[in-house]
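Scroll down for the structure; my scribbles are underneath it.
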Amino acid sequence: MFTAGPPLLARLLGVALLSIALMTIDHRQHHLDSVRSALSVVVYPLQLLVDLPGNTIDWFRESLSTRRQLQEENFSLRKQQQVLNTQLQKLEALEAENRHLRALLDSSFQVGERPMLIAALLSVDMDPYRHQIEINKGSLDNLFEGQPLLDSRGIMGQLVHVGPFTSTAMLITDPAHAIPVQVNRNGLRTIALGTGKFDQLELPNIPNNADIQVGDLLVSSGLGGRFPPGYPVAEVTEVEHDPGRAFSLVLARPRAQLDRSREVLLVWPEQVERPPEPVDSDDPAVQENAP
Numbered sequence: 016m017f018t019a020g021p022p023l024l025a026r027l028l029g030v031a032l033l034s035i036a037l038m039t040i041d042h043r044q045h046h047l048d049s050v051r052s053a054l055s056v057v058v059y060p061l062q063l064l065v066d067l068p069g070n071t072i073d074w075f076r077e078s079l080s081t082r083r084q085l086q087e088e089n090f091s092l093r094k095q096q097q098v099l100n101t102q103l104q105k106l107e108a109l110e111a112e113n114r115h116l117r118a119l120l121d122s123s124f125q126v127g128e129r130p131m132l133i134a135a136l137l138s139v140d141m142d143p144y145r146h147q148i149e150i151n152k153g154s155l156d157n158l159f160e161g162q163p164l165l166d167s168r169g170i171m172g173q174l175v176h177v178g179p180f181t182s183t184a185m186l187i188t189d190p191a192h193a194i195p196v197q198v199n200r201n202g203l204r205t206i207a208l209g210t211g212k213f214d215q216l217e218l219p220n221i222p223n224n225a226d227i228q229v230g231d232l233l234v235s236s237g238l239g240g241r242f243p244p245g246y247p248v249a250e251v252t253e254v255e256h257d258p259g260r261a262f263s264l265v266l267a268r269p270r271a272q273l274d275r276s277r278e279v280l281l282v283w284p285e286q287v288e289r290p291p292e293p294v295d296s297d298d299p300a301v302q303e304n305a306p
């Protein structure tokens with residue numbers, strides 16, 4: 016219709032006037048709302064089709080970015096979890112060590128007024144016929160051979176070799192070790208011998224009629240002056256009376272945690288004040304200083 020008809024200027028003015036008239040009618044009387052709604056429904060698929068490439072690109076970019084961010088966040092969280100688990104394990108170890116040191120501190124009051132020193136284990140002899148440990152204290156710390164070794168629950172053994180910086184201790188379960196003990200319930204005295212097992216001591220030469228029972232606590236008797244008296248050593252676990260033998264078979268379990276303790280307590284003999292030496296009145300120096 017544009018090839019023939021009124022001039023272009025006339026047609027342009029007619030279309031402009033028609034547009035102004037339609038906008039006026041729509042603005043004041045809203046007669047074209049239904050037409051606009053119908054046209055929006057028709058045009059909507061075209062809008063979606065036009066926006067589809069851009070929306071698709073944005074969706075892929077956001078998906079890739081979100082996936083990468085989630086991977087980085089996941090990796091960071093796993094790393095933090097590993098660090099926290101490691102710290103938690105260290106805290107658990109420190110807590111256990113703190114409990115053990117507190118137990119050692121509590122046990123030190125049971126020893127009396129004796130000087131004491133805490134030492135740490137350096138190595139353990141795995142020979143089944145020789146139960147010995149090495150500690151990180153030596154003669155520079157005034158240690159001596161035969162010095163008793165304790166933990167928070169009982170007597171562990173005694174030092175058999177002392178070097179300048181380290182020392183070797185024999186545990187009470189060593190087959191070559193013996194410790195004088197007595198039954199805490201009635202005072203019956205005997206000797207506890209090592210059997211080569213960490214959980215077993217043997218009490219020889221106990222008569223069949225002796226008053227000893229399963230569950231009796233064995234404490235150090237103090238005979239020989241090597242171990243402090245009254246300190247727990249073992250608990251009786253088995254008593255077997257054999258009428259055909261003169262002595263009973265008595266076994267006991269050490270109270271000390273010989274296969275678990277990491278710190279030990281070293282004890283010195285009680286400090287005994289020596290009496291003043293008598294003064295010889297015939298000494299010329301004494302007569303000279305006499306008034």
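Position 46 of the sequence shown, counting from 1, maps to 61 under this note's numbering, and the rest follow consecutively. Just so it is clear, CB atoms sit at the ideal spot from N, CA and C, and this is done for glycine as well.
Residues sharing a beta bridge with G209, DSSP: As a position in the sequence shown, residue 209 is number 194, starting the count at 1. DSSP lists L216 as partners of G209.
Would the region 138-156 count as touching the region 230-244 if we require 3 or more Cβ pairs under 8 Å? no
Taking the DSSP output, what are the residues bridged to P60? Taking the first residue of the sequence shown as position 1, residue 60 is located at position 45. Looking at the DSSP assignment, P60 forms no beta bridge with any residue, so it has no partner.
For D257, count neighbouring Cβ atoms within 10 angstroms of its own Cβ and tell me buried if that reaches 16, exposed if not. Position 242 of the sequence shown, counted from the first residue, corresponds to residue 257. Exposed: under 16 other Cβ atoms inside 10 Å.
Mind checking which residues open and close the beta strand (DSSP E) that includes L165? Translated into positions along the sequence shown, residue 165 becomes position 150. Its beta strand (DSSP E) spans residues P163 to L165.
Can you tell me whether H176 is buried or exposed, with buried defined as 16 or more other CB within 10 angstroms of its CB? Indexing the sequence shown from 1 puts residue 176 at position 161. Classification for H176: exposed.
In the DSSP assignment, the beta strand (DSSP E) including H176 goes from what residue to what residue? As a working mapping, residue 176 is identified with position 161 in the sequence shown. Segment I170 to V177, the beta strand (DSSP E) holding H176.
Beta-carbon proximity of P219 to A249, cut-off 8 Å: Start at 1 with the first residue of the sequence shown, and residue 219 comes out as number 204. Start at 1 with the first residue of the sequence shown, and residue 249 comes out as number 234. For P219 and A249, no; Cβs fall outside 8 Å.
Quick one: is T188 buried, meaning 16 or more other Cβ sit within 10 Å of its Cβ, or exposed? By 1-based counting over the sequence shown, the position of residue 188 is 173. Looking at its Cβ environment, which holds 16 or more other Cβ atoms inside 10 Å, T188 is buried.
Identify which residue in A207, S182 and L203 has its Cα closest to the Cα of A193. In the sequence shown, the residue the question calls residue 193 occupies position 178. Comparing Cα positions, the closest option is A207.
CA-to-CA distance, A36 to L27, given in whole angstroms: For the purposes of this step, residue 27 is taken as the residue at position 12 of the sequence shown. For the purposes of this step, residue 36 is taken as the residue at position 21 of the sequence shown. Their backbone Cα atoms lie some 14 Å apart in a straight line.
Going by other Cβ atoms of all chains shown within 10 Å of its Cβ, with 16 needed for buried, is A267 buried or exposed? Counting from 1 along the sequence shown, the entry for residue 267 is found at position 252. Flag for A267 reads buried.
To the nearest angstrom, report how far apart F75 and R83 are at their CA atoms. One-based indexing of the sequence shown puts residue 75 at position 60. One-based indexing of the sequence shown puts residue 83 at position 68. The alpha-carbon atoms of F75 and R83 are separated by roughly 12 Å.
Hey, would you say V254 sits closer than 8 Å to Q228, going by beta carbons? In the sequence shown, residue 254 corresponds to position 239, counting from 1. In the sequence shown, residue 228 corresponds to position 213, counting from 1. Yes, these two residues count as a Cβ contact at 8 Å.
Expected contact under 8 Å - CB spacing of I314 and S235 to nearest Å: Outside the shown range of the chain, which is 16 to 306, sits residue 314, and nothing can be said about it.
Let me make sure I understand the geometry here. Which of V58, E278 and V282 has the alpha-carbon closest to that of I150? Indexing the sequence shown from 1 puts residue 150 at position 135. For I150, the nearest C-alpha among the options comes from E278.
Put A53 into one of helix, strand or coil per three-state DSSP. Here residue 53 refers to the residue found at position 38 when the sequence shown is read from its first residue. Residue state, collapsed to three classes: helix.
Where DSSP assigns a beta bridge to Q147, which residues make up the other side? Reading the sequence shown from its first residue, position 132 is the one you call residue 147. Answer is M185.
If you follow the beta strand (DSSP E) that L250 is in, where does it begin and where does it stop? Position 235 of the sequence shown, counted from the start, is the residue given in the question as residue 250. Reading the sequence as shown, one finds Glu at residue 250 and not Leu. Per DSSP, E250 belongs to the beta strand (DSSP E) from P247 to E255.
Which residues does DSSP list as the beta-bridge partners of F262? As a position in the sequence shown, residue 262 is number 247, starting the count at 1. Bridge partners of F262: P222.
Which residues in the same chain have their Cβ closer than 6 Å to the Cβ of G172, if we skip the five residues on either side of it in sequence? Taking the first residue of the sequence shown as position 1, residue 172 is located at position 157. Counting only residues of its own chain and dropping the five nearest sequence neighbours on each side, G172 has a CB closer than 6 Å to the CB of L164, A184, M185, L186 and I187.
Quick check on E160: does DSSP put it in helix, strand or coil? Here the question's residue 160 lines up with position 145 in the sequence shown. Three-state result, E160: coil.
Range of the contiguous beta strand (DSSP E) that encloses V196: Sequence index remark: in the sequence shown, residue 196 carries index 181 (1-based). Run containing V196: A193 to V198, per the beta strand (DSSP E) assignment.
Outcome for L54 when other beta-carbon atoms lying within 10 angstroms are tallied against a minimum of 16: Here residue 54 corresponds to residue number 39 of the sequence shown, with the count starting at 1. Under this definition L54 is an exposed residue.
In three-state DSSP terms, what is V234? Residue mapping note: residue 234 aligns to position 219 of the sequence shown, counting from 1. DSSP places V234 in strand when its eight states are reduced to three.
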